[in-house]
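Okay, so the sequence shown: first residue is 1 according to UniProt numbering, each after it adds one. Here's the structure, in structure tokens; my notes come after.
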Amino acid sequence: MRVRRKKLRGQGGEITVATPQNIDKVKAEIRKKISSGEYTVGQQIAPRKYEKMALNENGEIVRSEFVVEGRKQPLVEIRERTLKSQEKYMRQRCDDDEYQNLTGCKNTDIQTKVETPEVYIVVRSGSSDVEQLTYVDTRLECLEELSIDIKTSGGNDVADKMRFFHGDSPARQLESGQQKGGNFYCSGCGANAQQAYQLDICFSCHYLSLIDRQQLVLAGPPGRKNSLAKAPKPFQKLKKDELIRELNTRGIYEGESKKELEKLLTEELHGVQRVPALLYNNPTATLESINCDNTGCSRVESSVVSDPTTLEKTINITGSTSCSRVAVVTNPGTAMPNSGTMGNDTCVTKLGKGIEFVLGKSAEVLEFDKARQKHKQSPSDKFILDKFIYEKGGCYGGQNF
């Protein structure tokens, strides 16, 4: 028998809505499930005290303190739980037919199963770098535990590796140490925003790894000194003599005024304003020391924000080669025809020539160049602008070509 909740009827009785559950009953039910272990609320992390002011009944200002903290499920618990639920999808000394017979997952989308995200940390903080960086310590505690292997039911050791970080632009910029917004907003290569329309420059930009960023920040004495002092922005408000020392260390001996020196340093750093977040508390540490030597930061935005860090599991079986637990799927896209089949066609526009120089001649590049020619001939034609330029041109850093 199913118990139905009482319904509230509007005036006239034609419209009814369900009666809201009593909040006290909801809280009591949640507490009961937490006590029984059905719900996991994790551990309290990074408590911070704040002060608030309020008016009492007499109109006087009363100051009081309150504590705000986050919650975390230890990474080792997530590793053990996902291993238990996904162990049947692991290939352990078996071929395709044997694997399907053992798991019974012939029609199962294994890629979806193993990539289902887990909630790791739920935080409460402001948007400033100073507040968000307070959660670095608790993340490092979990990363240090990655060196501890966990075992399958068959007794095989499973080693986890942190592979990459992904999220929206502010999250990636915080993680990589890139400035938020401005002329150098790209957390992947640091290209100037004014160069977003020049594809030859964008495609030839060097990807800055987390190690590259660490070395770039620590290259000069002032940057190293301020980073060791845990300054959120070690290059901010440098004096003129400090700017000269920083630039000279990097082999730059130009600039006279402080404004010119600041501009030269900005162009040299490409928007990098500090070491990556995981190295903030110990800027000179190596990524290997925190088990992140294979970690990178995604250059594109992701719709997944509940699980910003991605693990790859590798199972080591005695007497056999290791195999990856998380499958890697690549999208080959549309194959480029051989340039020999393009005849004597060539790109005409400046933008098309730049793309052809970087990617080579192909049907797609020629098609884009023709669309570009039509747009230049009829710049006010909205159909050409929407249909060809935006769709064929793609985007970089959120800006359409």
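Where a beta carbon is used, it is the ideal one built from N, C-alpha and C, also for glycine.
Excluding sequence positions up to five away, which residues of its chain have a Cβ less than 7 angstroms from the Cβ of residue i?
i           : result
residue 373 : 348 and 349
residue 109 : none
residue 147 : 291
residue 265 : 235, 243, 246 and 247
residue 140 : 278 and 290
residue 233 : 273 and 274
residue 56  : 62
residue 249 : 219, 220 and 221
residue 223 : 217, 234, 235 and 246
residue 369 : 347, 348, 349 and 352
residue 402 : For residue 402 there is no data in the structure shown, the boundaries of the chain being 1 and 401.
residue 137 : 281
When DSSP builds the beta bridges, which residues end up paired with residue i?
i           : result
residue 54  : 62
residue 70  : 45
residue 178 : 272
residue 122 : 71
residue 150 : 158
Assuming the contact rule is C-beta atoms closer than 8 angstroms, residue i and residue j should be a hit. Round their C-beta distance to whole Å, please.
i           : j           : result
residue 75  : residue 131 : Not really, about 22 angstroms apart at Cβ, beyond 8 angstroms.
residue 72  : residue 121 : 5 angstroms
residue 165 : residue 298 : 6 angstroms
residue 30  : residue 39  : 7 angstroms
residue 217 : residue 227 : 6 angstroms
residue 239 : residue 261 : With 8 angstroms as the limit, residue 239 and residue 261 do not qualify as a contact, their Cβ atoms being about 10 angstroms apart.
residue 114 : residue 89  : 6 angstroms
residue 87  : residue 150 : Actually they are not in contact, since the Cβ atoms of residue 87 and residue 150 sit about 11 angstroms apart, beyond 8 angstroms.
residue 365 : residue 352 : 7 angstroms
residue 52  : residue 64  : 6 angstroms
Give me, in chain order, the residues of the same chain whose beta-carbon lies closer than 8 angstroms to that of residue i; leave out the 5 immediate sequence neighbours on both sides.
i           : result
residue 16  : 7, 8, 9 and 10
residue 194 : 183
residue 14  : none
residue 173 : 179, 180, 185 and 187
residue 207 : 188, 189 and 299
residue 69  : 44, 45, 46, 47, 48 and 124
residue 268 : 247, 250 and 252
residue 143 : 75, 162, 278, 290, 291 and 292
residue 54  : 61, 62 and 64
Based on Cα-Cα distance, which residue from the options lies nearest to residue i?
i           : options               : result
residue 48  : 66, 269 and 362       : 66
residue 42  : 57, 52 and 78         : 78
residue 296 : 252, 86 and 177       : 177
residue 263 : 225, 224, 170 and 192 : 192
residue 258 : 170, 225 and 237      : 237
residue 156 : 138, 84, 126 and 142  : 84
residue 358 : 205, 170, 376 and 379 : 205
residue 50  : 370, 379, 230 and 126 : 126
residue 129 : 230, 35, 158 and 294  : 230
residue 171 : 23, 133 and 35        : 133
residue 163 : 293, 23 and 25        : 293
Return yes when at least one heavy atom of the ligand MG lies under 7 angstroms from the C-beta of residue i, else no.
i           : result
residue 292 : With respect to the ligand MG, the structure shown offers nothing to examine, as it has no ligands at all.
Only counting the same chain, and skipping five residues up and downstream in sequence, which positions put a Cβ closer than 6 angstroms to that of residue i?
i           : result
residue 12  : none
residue 255 : 261 and 264
residue 271 : 178, 179, 184 and 190
residue 318 : For residue 318, the predicted model reports a pLDDT of 35, less than 50, meaning its position is unreliable and no value from the coordinates is stated.
Are the segment 273-289 and the segment 190-203 in contact at 8 angstroms, needing three or more beta carbon pairs? no
Three or more C-beta pairs under 8 angstroms: does that hold for the segment 272-284 against the segment 206-215? yes
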